[in-house]
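Line by line, the protein sequences give chains A and B.
If you read the first sequence in the numbering used here, its first letter stands for residue 659, the second for the next number, and so on.
If you read the second sequence in the numbering used here, its first letter stands for residue 27, the second for the next number, and so on.
This report concerns only the one structure given below.
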Amino acid sequence: MKVFSGIAVSPGMVSGPALVLGSENFRIPRKFVSKDAIDAELQRFHIALDLVCKDIKGNEQLVSSQLGAQYGAIFSAHLQMAQDPRLIREVESLIRDQCRSPEFAVSRVLRSYAEQLQKMGDRYLSERALDIFDLEKRLLRKLLGESREELSNLTEPVIILAHDLTPGETATLNTKYVLGFATEVGGHTSHTAILAGALEIPAIVGLGRCLAEISGGESVILDGDHGRVIIDPDDETLARVQHSQARSQRVRDRLGEMGSLPSETQDGQRVTICGNIEFPEEVRQCIKRGADGVGLYRTEFLFLSGNREPSESDHYEAYCRVVEACGDLPVVIRTLDIGADKVPQLMADQFAESANPMLGLRSIRLSLRNTQMFKRQLRAILRASVHGNVRIMFPLVATLLEFRQAKMILMDVMEDLEDEGIPFQRNVPIGMMVEVPSAVILAEEFAREVDFFSIGTNDLIQYTLACDRSDPTVAHLYRSGDPSILRLIQMVLRAAEKHGKPVTVCGQMSSDPRFIPLLLGMGLRSLSATPQAIPRLKEVVRNLSITEAERISQHACSLDLARDVEHYLQGELSRLCPDLVDEVGF
Amino acid sequence: MQSEDVVRRQVKVTPEEGLHLRPITLLVRCATTFSSSISLFFDGHRADAKSAFDLMLMAVPSGAILNVEVAGADAEAAADAICRLFEDGFSVPGTDHR
């Protein structure tokens, strides 16, 4: 048994026989052509180039229709490279002026580009060298009349182990037979990795040199969750993996049917589970899984995807689609939350020189500075409010004054609409995200003024522990189970209860089944999570009683290290819902 | 014969990652819709705005100022379109595949 580790780029675990694809070394048969053959050779180059362009367009259409235009765009970049005037000029010149063969010329010119990109020391651009090698292979294959037979003639399931797979090869993988793949080279941002994720094929890249030790046909386990490839696993490992695969399939099937079942604890307490969405299309995924509404509708996409500021009707149309699709179910629309890691290009100048963007101009602070933009969004939300059950939520509120200002602007907009005779819901509930420690400390004061709270754990953890989780040197401090975080959530729940205001937890903590008993035990009755997580959350709720949840939360809150809290919650979860806990380790 | 228009402009590279594949793809797509020749100058190098390889190999970082030189019958319109791309920070819906 041999184990190789690489970068996990697409999750899932599969086992099957290895199909080894070595680095494709094209043997270029001749470097020179005779002078009187030059015209014919130039023509041969152009025919090959046309065929390649046709293939790329085919890839683009296939990928766009199956995975969406954003993935198809990878191939429009490839097509531009194939039609690049500099490439064509330099290849033609080598053939015409130096009597080089088209194969040699293509390879020489493209390799010189790739080499220069790799020398730039820029990780993103040097990975683009792989796209150039893709083009080189495509051209050489057409010129030499060869193709990777192995990939197009599959008749049984295989796991591909390759030096490299080009984006073109990845896009056309026959997913009926290719269970997964692993490559020696490549990184997170390579197009091959992105496509694997979109195709939902388990995949690992960056294994390093390992193909020399594999001859093909061996039994392979590919663990796309942990980035491991196991060659010739011993019987015990194989049995464990097969067992876990069968089990996770059964669990997936069972959870898939969870949608229609009520989310109710064993002792009859109803728990509201809503979905977090970003795009209107995602409402369908929430409804399908039996969500009680949309607990967090992020509106940033309107700003991040366009090249102009969204108009009132852009906002209105998007909101109406969500609100109408939800019928009577509530939709919590969060006003613009950009800045820090999400800055649309069209507003880049406003964010220019902040040394500390997480503490800078973002979210509600930005909206309060750009009242025109803010009012436009609020008008659209209010107009959409007559079509369903809309609630408005302000993000990142740190002071009472901010909340009051935001609310005042909302009142202004209501007055304008009234003057213009445009209908809207006058008593639309107005709430806020609790994600800054100051808002927790003043939770009682806020609770008097808001209609509801929604705790955004991601930012709350980040601000409370003063750590940027994208910085690997301090990311270990970022723990949902940190006792300080549990204490803060309790403070919010108590203040809200005192004033009879509802609380929801959104953010990654509420998508993690381990934390559900803890949160319910603390008194929370409403969650909002990524749609994919809803069936798992329901499973926990349905296996739990409030008495038990209270016992779990009391014990968890008595522990003083994040590690101990998380370990304890993990143990409780595997007792309550053994199916949800991944027990496979190697 | 009609005299050729030459239009000169300056643009700033705003995308955080510099002139990478996505902005280059948009730039080339835009440039190839015009008949004029469009050159970008940076740090003493010239790149043809219709050549993705030229642009990639010029390795333009974020914040760089480029000189744009457009020559041809539709020079004015081409220069406007190129400048608009830079000003909008290359944000066009549906093309971000990263």
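Just so you know, even glycine gets a beta-carbon here, dropped at the ideal spot from N, CA and C.
Between the C-alpha atoms of A:V1092 and B:E42, what's the straight-line distance to the nearest angstrom? 30 Å
Does the Cβ of B:H123 have 16 or more other Cβ atoms within 10 Å, making it buried, or fewer, making it exposed? With a pLDDT of 37 at B:H123, under the threshold of 50, the modelled position of that residue is not reliable, and the figure given next carries that caveat. Flag for B:H123 reads buried.
Quick one: Cα of A:Q756 to Cα of A:L745, how far? 16 Å
Within the segment 43–122 of chain B, ranges of the alpha helix (DSSP H) (whole runs, at least 4 residues): 47–57, 78–84, 101–113
Using a beta-carbon distance below 8 Å, is A:M1031 in contact with chain B? no
Could you check if B:V32 is buried or exposed, using at least 16 other CB atoms within 10 Å of its CB as the buried criterion? exposed
Could you tell me whether the Cβ of B:H123 comes closer than 8 Å to any Cβ of chain A? Residue placement at B:H123 cannot be trusted, given a pLDDT of 37 that sits under 50; the coordinates are not used to answer.
What are the residues in the segment 785–796 of chain A lying within 7 Å of chain B by C-beta distance? R786
Kindly provide the ranges of any beta strand (DSSP E) runs that are 3 or more residues long and lie completely inside the segment 897–973 of chain A, ordered along the chain. 930–935, 952–956
Roughly how many angstroms separate the alpha carbons of A:L1075 and A:L1177, rounded to a whole number? 40 Å
Closest by CA to B:A105, which one among B:N93, B:M84, B:F68? B:N93
Shortest alpha-carbon distance to A:K676 belongs to which of A:K834, A:K1196, A:G874? Rather than Lys, the amino acid found at residue 676 of chain A in this sequence is Ala. Considering only alpha carbons, the answer is A:G874.
Taking the runs of the alpha helix (DSSP H) that are 4 residues or longer, which of them lie wholly in the segment 1083–1163 of chain A? 1095–1099, 1101–1107, 1115–1122, 1141–1156
Which word fits A:F690, buried or exposed, when buried means at least 16 other C-beta atoms lie within 10 angstroms of its C-beta? exposed
A:Q1148 to A:L1019 span [Cα, whole Å]: 29 Å
Closer than 7 Å at the beta carbon, the chain B residues around A:D742: S77, A78, F79
Are A:S921 and A:V929 touching if we call contact CB-CB under 8 Å? yes
Reference A:L679, options A:I1080, A:R1106, A:S663, A:T824, closest by Cα: A:T824
Assigned exposure category for A:V1048 - 16 Cβ within 10 Å defines buried: buried
Where B:T51 meets chain A, residues with beta-carbon distance less than 9 Å: A731, S734, A735, Q738
In chain order, what residues of the same chain have a beta carbon less than 8 Å from the beta carbon of A:V1094, not counting five sequence neighbours either side? L1054, V1055, A1056, D1117, L1118, Y1121
Alpha carbon to alpha carbon, how far is A:I817 from A:T923? Give it in angstroms, no decimals. 43 Å
Under three-state DSSP, which class holds A:V752? Per the sequence presented here, residue 752 of chain A reads as Leu, with Val not at that position. Note: A:L752 maps to helix in three-state DSSP.
Can the beta-carbon of A:V899 be found closer than 8 Å to that of A:S673? yes
Should A:G985 go down as buried or exposed, given a rule of 16 or more other Cβ atoms within 10 Å for buried? exposed
Select from B:A90, B:L47, B:L111 the residue whose C-alpha is nearest the C-alpha of B:L81. B:L47
When you compare only the Cα positions, how much space is there between A:G1229 and A:L1219? 16 Å
Check whether chain B comes within 8 Å of A:L745, counting only Cβ atoms and requiring the distance to be less than that. yes
Can you give the beta carbon distance from A:H973 to A:R1034, rounded, assuming they're within the 8 Å contact cut? 7 Å
Between the Cα of A:K1065 and the Cα atoms of A:D1170, A:I852, A:S1025, A:G1079, which residue gives the shortest distance? A:S1025
Could you pull the start and end residues of the alpha helix (DSSP H) that A:T828 belongs to? 825–829
For the candidate residues A:R1209, A:L1231, A:Q1190, A:I665, whose alpha-carbon lies nearest to that of A:I931? A:Q1190
Cβ neighbours of B:G120 in the same chain (closer than 8 Å, five flanking residues each side left out): Residue placement at B:G120 cannot be trusted, given a pLDDT of 40 that sits under 50; what the coordinates show is reported in the next sentence. No residues qualify anywhere along the chain.
Option nearest A:D911 by Cα separation, candidates A:P1193, A:R1200, A:M1072: A:P1193
Answer yes or no: does any C-beta atom of chain B fall closer than 8 Å to that of A:L857? no
Against B:D74, what residues of chain A qualify as contacts under a CB-to-CB distance less than 7 Å, listed in chain order? P743, R744
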